[in-house]
Amino acid sequence: MASYRRLFALTGPLYVVVAFLGRLPLAMSQLGTLLLVSGVTGSYGAGGATAGALAIANAIGSPVAGALTDRLGQRPVLLVQAVVGSAGLTALVLLASLYQPGDPWWPLAAVGAVAGAFTPQVGTMARVRWRPISRRRGVERRDVVDAAFSYEGAADEASFVLGPALVGVVAAVLDPGAAILAAAALLAAFGTWFAVHPTAGLVEPARPGEAGRGRLLTPALVVLATVQLSIGMIFGSVQTGTSVLATDAGEPGLTGLFHALLGIGSVAAGLAVVAVPETFRYESRLRVFTTALPVLALPLLAVQGLGGLSAALLVLGVAIAPSMITTFTLAERITPVSRLGAAMTVLAATTGLGYALGSSLAGRLADWGGHHPAFAVTVGAAAAAMALSLLGARTLRRSQGTRDAEEPGEISQPR
Numbered sequence: 000m001a002s003y004r005r006l007f008a009l010t011g012p013l014y015v016v017v018a019f020l021g022r023l024p025l026a027m028s029q030l031g032t033l034l035l036v037s038g039v040t041g042s043y044g045a046g047g048a049t050a051g052a053l054a055i056a057n058a059i060g061s062p063v064a065g066a067l068t069d070r071l072g073q074r075p076v077l078l079v080q081a082v083v084g085s086a087g088l089t090a091l092v093l094l095a096s097l098y099q100p101g102d103p104w105w106p107l108a109a110v111g112a113v114a115g116a117f118t119p120q121v122g123t124m125a126r127v128r129w130r131p132i133s134r135r136r137g138v139e140r141r142d143v144v145d146a147a148f149s150y151e152g153a154a155d156e157a158s159f160v161l162g163p164a165l166v167g168v169v170a171a172v173l174d175p176g177a178a179i180l181a182a183a184a185l186l187a188a189f190g191t192w193f194a195v196h197p198t199a200g201l202v203e204p205a206r207p208g209e210a211g212r213g214r215l216l217t218p219a220l221v222v223l224a225t226v227q228l229s230i231g232m233i234f235g236s237v238q239t240g241t242s243v244l245a246t247d248a249g250e251p252g253l254t255g256l257f258h259a260l261l262g263i264g265s266v267a268a269g270l271a272v273v274a275v276p277e278t279f280r281y282e283s284r285l286r287v288f289t290t291a292l293p294v295l296a297l298p299l300l301a302v303q304g305l306g307g308l309s310a311a312l313l314v315l316g317v318a319i320a321p322s323m324i325t326t327f328t329l330a331e332r333i334t335p336v337s338r339l340g341a342a343m344t345v346l347a348a349t350t351g352l353g354y355a356l357g358s359s360l361a362g363r364l365a366d367w368g369g370h371h372p373a374f375a376v377t378v379g380a381a382a383a384a385m386a387l388s389l390l391g392a393r394t395l396r397r398s399q400g401t402r403d404a405e406e407p408g409e410i411s412q413p414r
């Protein structure tokens with residue numbers, strides 16, 4: 000807690016609140032889209048495909064936006080994203096309200112894709128800001144940056160607790176369309192506020208001739224991106240499987256609340272990562288945390304009702320945030336500063352792409368066999384994350400040594 004108090008003192012509480020609320024629309028829009036389109040079309044496949052289209056477009060657009068922030072600065076890029084993304088989510092609800100049985104559902108997917116392409120990855124942009132924030136305050140130290148990444152990982156997970164929970168509550172009281180409109184309003188308000196916040200000006204655009212300097216897609220970053228792809232598939236397949244099980248139990252409006260359980264253990268475990276000693280190397284942490292993923296995912300295959308689902312989701316969440324925090328921290332350690340925005344959004348994009356793959360595949364399998372085949376996708380994705388971490392450990396270890404040699408003394412160790 001002392002680490003987080005020192006961290007938040009660098010910006011004050013208002014920035015922390017704005018950055019957290021600004022990331023909720025992305026967490027809300029995916030589940031909200033799944034419920035909205037599944038409801039109006041009567042097909043889990045259509046709902047999963049539309050939510051997947053939103054996620055894929057976000058996966059494609061985010062690295063482009065991240066590279067632009069490296070070149071132009073964060074403020075102009077995030078402002079455009081907040082305005083257009085909010086308009087796209089609103090348009091999706093309007094189009095869904097006009098849908099009639101028998102109409103093609105692909106226009107819904109197309110509009111969802113436009114909304115996803117412009118929804119900003121606030122969490123990744125917040126990660127990029129912490130080093131210049133600490134530099135401005137004269138405390139640019141390794142432990143401060145690591146604490147920042149632990150917090151941001153937990154905050155992302157908390158957003159995926161609160162976001163689906165908000166969707167579930169609004170969908171139960173009103174309808175899924177109202178939940179997406181709420182996401183649009185949050186994006187317009189807090190996405191814009193995050194864009195114009197003074198901390199955005201601390202992330203300076205690259206000088207002429209420096210833009211794009213340094214290799215981005217190194218073997219190590221590819222390893223981390225594929226791990227995040229697998230974790231994204233866990234999110235997508237769990238969300239779809241939960242929706243199917245809750246609907247079959249006659250409680251479709253509780254989907255968001257049940258999916259939020261996945262994040263409760265994840266948030267707690269993520270906040271605790273800052274206490275892990277520095278001597279426990281990050282590539283070793285990644286092996287341990289991802290090995291826990293398939294072990295903790297297996298109980299989902301035995302779930303028969305909502306009570307068992309609650310317990311299984313709580314347990315699985317314990318391994319997710321530590322795994323994600325470790326991948327993002329490793330990316331920060333191996334990436335040149337001039338490419339950091341692009342690297343962070345590459346990881347966020349592959350997570351979104353994984354969500355799209357997981358939700359789409361799980362949705363199709365659920366149309367065929369219910370929630371058990373959907374959760375089989377979860378177990379398979381967890382096993383893939385473990386295998387990739389084990390196979391890529393040596394590459395990650397070498398890459399950290401290379402970065403340290405290329406940029407010596409860039410950031411100090413704790414004093």
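Residue numbers (numbering that gives the first Met the number 0): 0 to 414. Built from N, CA and C at the ideal position, the CB exists for glycine as well.
Under a three-way DSSP split, which group does residue i fall into?
i	result
T225	helix
H196	coil
Q303	coil
V272	helix
D174	coil
W104	coil
V82	helix
L216	coil
T334	coil
G11	coil
E431	The chain is shown from 0 up to 414; residue 431 falls before or after that span and cannot be answered.
T278	coil
V160	helix
A392	helix
V376	helix
A248	coil
V110	helix
V243	helix
R397	helix
V202	coil
T118	coil
What are the start and end residues of the alpha helix (DSSP H) that includes residue i?
i	result
D366	339-368
F7	1-7
Y98	Taken as a continuous stretch (DSSP letters only), Y98 belongs to no alpha helix (DSSP H), as it is neither H nor E.
R128	121-135
A291	281-296
Considering only their Cβ atoms, is the gap separating residue j from residue i smaller than 9 Å?
i	j	result
L34	A259	no
L97	T40	no
G162	T239	no
I263	A384	no
S61	Q120	yes
D69	S337	yes
L256	V168	yes
L93	G111	no
L295	L315	yes
I132	T198	yes
A146	S2	yes
Q73	V127	yes
G353	L228	yes
L185	M323	no
G269	G351	no
T344	A154	no
L308	T241	yes
A58	A301	no
Is it buried or exposed for residue i, if we count other Cβ within 10 angstroms and need 16 for buried?
i	result
G47	buried
T10	buried
Q412	Only weak support is given to the placement of Q412: the predicted model assigns it a pLDDT of 46, under 50, and the question is left unresolved by the model.
D102	exposed
P279	Correcting the residue type first, residue 279 is Phe in the shown sequence and not Pro. Exposed, since its Cβ has fewer than 16 Cβ neighbours within 10 Å.
V166	buried
P218	exposed
M0	exposed
V317	buried
R393	exposed
L173	exposed
G44	buried
Q303	exposed
Q80	buried
F159	buried
P12	exposed
G190	buried
Quick check on the DSSP output: what are the complete alpha helix (DSSP H) runs of length 4 or more inside the segment 21-77, in order along the chain? Qualifying alpha helix (DSSP H) stretches, in chain order: 43-71.
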